[in-house]
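Q: Below: one structure in structure tokens.
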Amino acid sequence: MADPVLLYTNPMSRGQIARWMLEEVGTPYEAVILDYAGGMKTADYRAINPMGKVPAIVHGGKVVTECAAICAYLADAFPAAGLAPATDDRADYYRWLFFAAGPVEAAVTNKAMGFVLPEGRERSAGYGSLDDTLDTLETAVTGRSWICGGTFTAADVYVGAQIDWGLTFGTIPSRPAFEAYAARLRERPAYKRQKEIDNALIAEMQKQG
């Protein structure tokens with residue numbers, strides 16, 4: 001039997017995305033919970049991820065960081081889960097996976113942090129404007145059940161996590177297409193398992209102060 005995937009995470013982090021993907025894949029995995037001030041900054045963990053951030057996975061001796069990369073890697077590493085389209089049918093899959101990891105992540109984070117682009121410098125930012133980015137993201141989840149049409153894929157885990165998180169915390173505005181897409185995601189058994197696990201860990205951490 002192959003070694004399980006090792007997941008380095010914190011329940012109050014984007015590590016929730018990696019755990020959700022692992023639950024979708026259905027492969028055995030072990031989670032190592034790291035705190036922000038200590039565990040993530042140790043020399044041992046920085047040897048895995050020099051950024052000192054989570055999530056990271058180790059599989060077969062190989063390290064993968066960055067949530068979008070983790071989702072894509074796991075879909076390819078465990079093809080039986082059916083979470084990646086055929087290689088000749090990945091246009092939408094790659095397009096929206098990387099759009100969410102690039103323009104969406106940057107635009108939403110900048111807005112949440114209060115960064116304001118100087119007038120006339122939109123082209124320099126890459127994503128242009130938050131409104132343009134959200135309007136474009138909306139097209140990805142309009143008129144179809146999932147990012148790649150009728151089949152749920154790893155792109156839905158990453159794009160969906162961005163939308164789900166944004167709606168929950170107010171960093172992405174409520175729009176009917178976003179709300180409907182998030183509602184479909186929240187019905188997935190793997191999503192529910194991930195939330196149950198991470199919410200229990202968060203509750204335990206809060207008890208401990």
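The opening position of the sequence shown corresponds to residue 1 in UniProt numbering, with each subsequent residue numbered one higher.
We treat Cβ as the ideally placed atom computed from N, Cα and C, and that holds for glycine.
1. Using only alpha-carbon positions, find the residue among Gly120, Val5, Ala107, Asn10 that is nearest to Asp131.
2. Write down the C-beta distance between Phe98 and Val25 rounded to the nearest angstrom, noting that I regard them as a contact closer than 8 Å.
3. Is the segment 48-64 touching the segment 4-14 in the sense that three or more CB pairs, one from each, lie closer than 8 Å?
4. Considering just the uninterrupted stretch of the beta strand (DSSP E) at Val32, what are its terminal residues?
5. Please name the residue in Trp20, Glu30, Arg19, Asp35 whose C-alpha comes closest to that of Gln206.
6. At a cut of 8 Å, does the segment 78-96 reach the segment 132-151 through at least three beta carbon pairs?
7. Could you check the C-alpha separation between Ala180 and Val32 for me, to the nearest Å?
8. Could you spell out the range, first to last residue, of the beta strand (DSSP E) harbouring Val141?
9. What separation, rounded to the nearest whole angstrom, lies between the Cα atoms of Glu105 and Leu134?
10. Shortest alpha-carbon distance to Ala155 belongs to which of Leu185, Ser13, Ala177?
11. If distances are taken between C-alpha atoms only, which option among Leu137, Thr171, Glu187, Tyr158 comes closest to Gln16?
12. Hey, Arg193 and Glu23 are a contact pair by Cβ (cut 8 Å); roughly how many whole angstroms apart?
A: For this structure:
1. When each option's Cα is compared against that of Asp131, the closest is Ala107.
2. Actually they do not touch by this definition, with Cβ atoms about 20 Å apart.
3. The segment 4-14 and the segment 48-64 touch, with no fewer than 3 CB-CB distances between them shorter than 8 Å.
4. Boundaries of the beta strand (DSSP E) around Val32: 29-33.
5. Ranking Trp20, Glu30, Arg19, Asp35 by CA distance to the CA of Gln206 puts Asp35 first.
6. The segment 78-96 is in contact with the segment 132-151.
7. Each residue's Cα considered, the two are about 33 Å apart.
8. Unbroken run through Val141: none, as it is neither H nor E.
9. Within the model, the alpha-carbon separation for Glu105 versus Leu134 is close to 11 Å.
10. Relative to Ala155, the option among Leu185, Ser13, Ala177 whose CA is nearest is Leu185.
11. Of the listed residues, the one whose Cα sits closest to Gln16 is Tyr158.
12. Indeed they touch by this definition, with Cβ atoms about 5 Å apart.
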